[in-house]
Amino acid sequence: MLSLHLLSSTSSSSSLPTIVSLNCCCCEPSNHLPFPNTNLGFLKVKRQPKVSNLKAGFWESIRSGFGKNNTIQVIETPSSEEEEEEPLPEEFVLVEKTQPDGTIEQIIFSSGGDVDVYDLQALCDKVGWPRRPLSKLAAALKNSYIVATLHSRKFSSGEEGNAEKKLIGMARATSDHAFNATIWDVLVDPSHQGQGLGKVLIEKLIRTLLQRDIGNISLFADSKVVEFYRNLGFEPDPEGIKGMFWYPMY
Amino acid sequence: MLLFNPISIHVPLTLKPTPTSTSTPHPHKNLTILSQLPPTPTPTPTPTLSISDTSLQSKGFNLHRSITNLNLHHLNSIFVSVGFPQRDISKIQIALENTDSLIWIEHHKTKGSPVAFARATGDGVFNAIIWDVVVDPNFQGIGLGKAVMERLVTDLLNKGITNIALYSEPRVLGFYRPLGFVMDPDGIRGMVYSRKKKKK
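These protein sequence lines map, in sequence, to chains R and E. My numbering applies: residue 2 is where the first sequence begins, and numbers increase by one. My numbering applies: residue 18 is where the second sequence begins, and numbers increase by one.
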């Protein structure tokens, strides 16, 4: 059985117990693993905190990051705003899982934009997107204000230096660096979907944008994913404002 | 009581992917057809100009494509006059410096003061969004809005950007439609993040 060690589980904010109820479970990436039909497994996991060789600084960020997720589940409170003010590190480990065979998998979030274009193209292929020229992909990344990624790092216990790193998710935002940002190209490797990673990816991207004082964050959503973004705080057609495209071909 | 992310079906967690001009926005459909398409893009219609550059000039209007000589205070006051919130001039400066394309028109009698303006941001290759389309209320109704929009779209197309989008207030949908803009194509919705509206 896969056992999951939640990095956030050592935080003891009073809002955590409320997370355990079934009603609010979609934000935590850890929710959707081996015990889909019970919260019992989730409870068990919560009591097995794993402390590994993590930098002191990012405990705060993980806790505040997950704390923010927690408070989203509960109510809008001033405390979530305090957590928003804590600067998000550019790169940090979101989740760490240990397989029964001792292999460790870490999911790492980064807003540093260090993406291998070949990896990105392979990921786009995996989700079934049409091929785009590599040079254009590279230019689009370079001209994006923020490129947020999720990587999976796998290594045997004690051999962190030999980790294999794989791109499993990406989202990017273009912006005028002052007022508006638009999110494009959100994708998660099908093998890692269903775990809430897409939600975390967007949440962290939003938080990074807000911390850079970009007030207007927008996107265009296929009808199938409108609910997904609504749950993240996006509103379709606010005040009747409509998205329009120039001679779209479909 | 969802235990699984609602997107746990095997649909790519995607926004409208930026299509090349030969592809559809729904890559999980018609993949075999895509593989048969020729590599060269099919030409997209370029807007014909309702008012030519010469015609504009003869009426005393000058066209600009850079922020040189653009008076930001006057720009800000036009924004305010059409109902935009008052914005910080230094932030406007930053926004314009990080804008891919922009067009503004001035009347030769009031040099530096824009009477019409539009700009577009994006990634320079696939996508562009048009923002801040304004015409000074004293100069509305003579085609200056169309003039800046047609030229801005043409400039974007000339850069190879075919995915051009904007957010339109309901009262000006009729302005953008004849320019070739389609609302919610294929069910795609424009969405904006609201800090107050997170899920409970």
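Idealized CB from N, CA, C, for every residue including glycine. As the structure is a prediction and not an experimental result, all values here were calculated from the model.
* Output yes if chain R places a C-beta closer than 8 angstroms to the C-beta of E/His-45; else output no. => As a working mapping, residue 45 of chain E is identified with position 28 in the second sequence. Here the model assigns E/His-45 a pLDDT of 44, short of 50, so the residue's position is not dependable, and the following value carries that caveat. Output row for E/His-45: interface = yes.
* To do: Could you tell me the distance, in whole angstroms, from the CA atom of R/Asp-223 to the CA atom of E/Ser-69?
  => Position 222 of the first sequence holds residue 223 of chain R. Position 52 of the second sequence holds residue 69 of chain E. R/Asp-223 and E/Ser-69: Cα-Cα distance of roughly 37 angstroms.
* Residues bridged to R/Glu-87 (per DSSP) -> On the first sequence, residue 87 of chain R is found 86 positions in, with the first residue counted as 1. According to DSSP, R/Glu-87 bridges with nothing at all.
* Out of E/Thr-63, E/Ile-95, E/Leu-92 and E/Val-132, point me to the one whose CA is closest to E/Gly-77's CA. => By 1-based counting over the second sequence, the position of residue 77 of chain E is 60. Considering only alpha carbons, the answer is E/Val-132.
* To do: Could you please give me the residues that DSSP links to R/Phe-93 through a beta bridge?
  => As a first step, residue 93 of chain R must be located in the first sequence, where it is residue number 92. In the DSSP output, where bridge partners are listed per residue, R/Phe-93 has R/Phe-110.
* To do: Just list the beta strand (DSSP E) runs in the segment 73-118 of chain E, keeping only unbroken ones of 3 residues or longer that don't cross its boundaries, in chain order.
  => 78-81
* If I'm right that E/Val-189 touches R/Phe-246 with Cβ under 8 angstroms, what's the distance once you round it to whole angstroms? => As a first step, residue 189 of chain E is located in the second sequence; it is residue number 172 there, counting from the start. As a first step, residue 246 of chain R is located in the first sequence; it is residue number 245 there, counting from the start. 16 angstroms between Cβ atoms; not a contact.
* Could one say the Cβ of R/Thr-150 lies closer than 8 angstroms to chain E's Cβ atoms, at least one of them? -> In the first sequence, counting from the first residue as 1, residue 150 of chain R sits at position 149. It does not: the Cβ of R/Thr-150 has no partner Cβ on chain E nearer than 8 angstroms.
* To do: May I have the straight-line CA-CA distance separating E/Ala-135 from E/Ile-181, to the nearest angstrom?
  => Indexing the second sequence from 1 puts residue 135 of chain E at position 118. Indexing the second sequence from 1 puts residue 181 of chain E at position 164. The straight-line gap from Cα to Cα measures roughly 13 angstroms.
* With 16 as the cutoff for other CB atoms within 10 Å, does R/Tyr-230 come out buried or exposed? -> For this step, residue 230 of chain R is matched to residue 229 along the first sequence. Buried is the call here.
* Report the rounded CA-to-CA distance for R/Ile-242 versus E/Asn-144, giving the unit in angstroms. => The count along the first sequence starts at 1 and reaches residue 242 of chain R at position 241. The count along the second sequence starts at 1 and reaches residue 144 of chain E at position 127. If I take the Cα positions, the gap works out to 20 angstroms.
* C-beta neighbour in chain R for E/Asp-172, strict 8 angstroms -> Numbered from 1 along the second sequence, position 155 holds the residue referred to as residue 172 of chain E. Answer no: the Cβ-Cβ gap between E/Asp-172 and chain R never drops below 8 angstroms.
* CA-CA distance, E/Val-165 and E/Leu-173? -> Sequence index remark: in the second sequence, residue 165 of chain E carries index 148 (1-based). Sequence index remark: in the second sequence, residue 173 of chain E carries index 156 (1-based). Cα-Cα distance, rounded: 12 angstroms.
* **Cβ shell of R/Glu-77 (< 7 angstroms), same chain only, five flanking positions each side left out** => Taking the first residue of the first sequence as position 1, residue 77 of chain R is located at position 76. No answer about R/Glu-77 holds up, because its pLDDT of 31 lies below 50 and its placement is not dependable.
* Asked: In angstroms, rounded to a whole number, what distance separates the CA positions of R/Gly-170 and E/Thr-138?
  -> Indexing the first sequence from 1 puts residue 170 of chain R at position 169. Indexing the second sequence from 1 puts residue 138 of chain E at position 121. Going by the C-alpha atoms only, they are around 24 angstroms apart.
* Taking a Cβ distance cut-off of 9 angstroms, strictly less, list which residues of the segment 218-230 of chain R are near chain B, in chain order. => The displayed structure is made up of protein chains R and E, and chain B is not among them.
* Asked: What do you get for R/Ala-123, buried or exposed, if any count of 16 or more other CB atoms within 10 angstroms of its CB means buried?
  -> If you number the first sequence from 1, residue 123 of chain R lands on position 122. With fewer than 16 Cβ atoms within 10 Å of its Cβ, R/Ala-123 is classed as exposed.
* Work out the CA separation of E/His-124 and R/Glu-204 for me, nearest whole Å. => Within the first sequence, numbered from 1, the residue matching residue 204 of chain R stands at position 203. Within the second sequence, numbered from 1, the residue matching residue 124 of chain E stands at position 107. So the alpha carbons of these two residues sit roughly 46 angstroms apart.
* Asked: Using 8 angstroms as the threshold, is the segment 108-122 of chain R in touch with the segment 149-164 of chain R, meaning 3 or more CB pairs across them?
  -> yes
* At 7 angstroms on the CB atoms, spell out the chain E contacts of R/Met-245, in chain order. => Stepping through the first sequence from its first residue, residue 245 of chain R is reached at position 244. By Cβ distance, chain E contributes Ala-182, Leu-183, Ser-185, Tyr-193, Phe-198, Val-199 and Met-200.
* Asked: Bridge partners of E/Trp-121, per DSSP?
  -> The residue labelled residue 121 of chain E in the question sits at position 104 within the second sequence. In the DSSP output, where bridge partners are listed per residue, E/Trp-121 has E/His-81 and E/Phe-134.
* Quick one: list the residues of chain R neighbouring E/Asn-115, beta-carbon separation under 9 angstroms, in chain order. => One-based indexing of the second sequence puts residue 115 of chain E at position 98. Going along chain R in sequence order, the residues near E/Asn-115 (Cβ under 9 angstroms) are Tyr-146, Ser-176, Asp-177, His-178 and Ala-179.
* To do: Compare the beta carbon distance of R/Ile-147 and E/Tyr-210 with 8 angstroms and say whether it is the shorter of the two.
  => Residue mapping note: residue 147 of chain R aligns to position 146 of the first sequence, counting from 1. Residue mapping note: residue 210 of chain E aligns to position 193 of the second sequence, counting from 1. Against a cut-off of 8 angstroms, the Cβ pair of E/Tyr-210 and R/Ile-147 comes out as no contact.
* **Nearest neighbour of E/Ile-109, chosen from E/His-90, E/Val-99 and E/Thr-127 [CA to CA]** => In the second sequence, counting from the first residue as 1, residue 109 of chain E sits at position 92. Among E/His-90, E/Val-99 and E/Thr-127, the Cα nearest to that of E/Ile-109 is on E/His-90.
* Evaluate contact between the segment 213-223 of chain R and the segment 154-161 of chain E, counting only Cβ atoms and requiring at least three cross-stretch pairs below 8 angstroms. => no
* What residue ranges within the segment 197-244 of chain R form continuous beta strand (DSSP E) runs of no fewer than 3 residues, ordered along the chain? -> 217-222 and 235-237
* Bridge-paired residues (DSSP) for R/Glu-165 -> Residue mapping note: residue 165 of chain R aligns to position 164 of the first sequence, counting from 1. According to DSSP, R/Glu-165 bridges with R/Lys-155.
* Do R/Leu-198 and R/Val-189 have their C-beta atoms within less than 8 angstroms of each other? -> The count along the first sequence starts at 1 and reaches residue 198 of chain R at position 197. The count along the first sequence starts at 1 and reaches residue 189 of chain R at position 188. Yes. Within cutoff.
* Asked: Going along the chain, which residues of the segment 111-139 of chain E sit with their C-beta nearer than 9 angstroms to a C-beta in chain R?
  -> Ile-111, Ala-112, Leu-113, Glu-114, Asn-115, Thr-116, Asp-117, Arg-136, Thr-138 and Gly-139
* Assuming E/Leu-169 and E/Ile-120 make a contact with CB atoms under 8 angstroms, what is their CB distance in whole Å? -> Indexing the second sequence from 1 puts residue 169 of chain E at position 152. Indexing the second sequence from 1 puts residue 120 of chain E at position 103. That pair is a contact at about 5 angstroms.
* **Three-state secondary structure assigned by DSSP to E/Asn-180** => Residue 180 of chain E sits at position 163 when you count from the first residue of the second sequence. Correct three-state label for E/Asn-180: strand.
* To do: Please determine, among E/Thr-127, E/Gly-141, E/Pro-195 and E/Ile-205, the residue with the shortest C-alpha to C-alpha distance to R/Lys-137.
  => Here residue 137 of chain R refers to the residue found at position 136 when the first sequence is read from its first residue. Checked all of E/Thr-127, E/Gly-141, E/Pro-195 and E/Ile-205; the closest Cα to R/Lys-137 is E/Gly-141.
* Asked: Quick one: what does DSSP say E/Lys-128 is sitting in, helix, strand or coil?
  -> Here the question's residue 128 of chain E lines up with position 111 in the second sequence. Coil at E/Lys-128, not helix or strand.
* Asked: Considering only C-alpha positions, which residue in the set E/Lys-213, E/Pro-202, E/Ile-205 and E/Pro-195 is nearest to E/Thr-65?
  -> Here residue 65 of chain E corresponds to residue number 48 of the second sequence, with the count starting at 1. Residue E/Pro-195 is the option with its Cα nearest to E/Thr-65.
* Asked: Got a sec? Which residues, its chain only, sit under 7 angstroms from E/Ser-130 by beta carbon, not counting five neighbours each side?
  -> Walking along the second sequence from the start, residue 130 of chain E turns up at place 113. These residues qualify, in order along the chain: Asn-88, His-91 and Glu-123.
* To do: Just the chain E side, please: which residues come within less than 7 angstroms of R/Ile-108 by C-beta, in chain order?
  => Locating residue 108 of chain R in the first sequence gives position 107, counting from the first residue. Within chain E, no residue comes near R/Ile-108; the closest Cβ sits about 14 angstroms away, beyond 7 angstroms.
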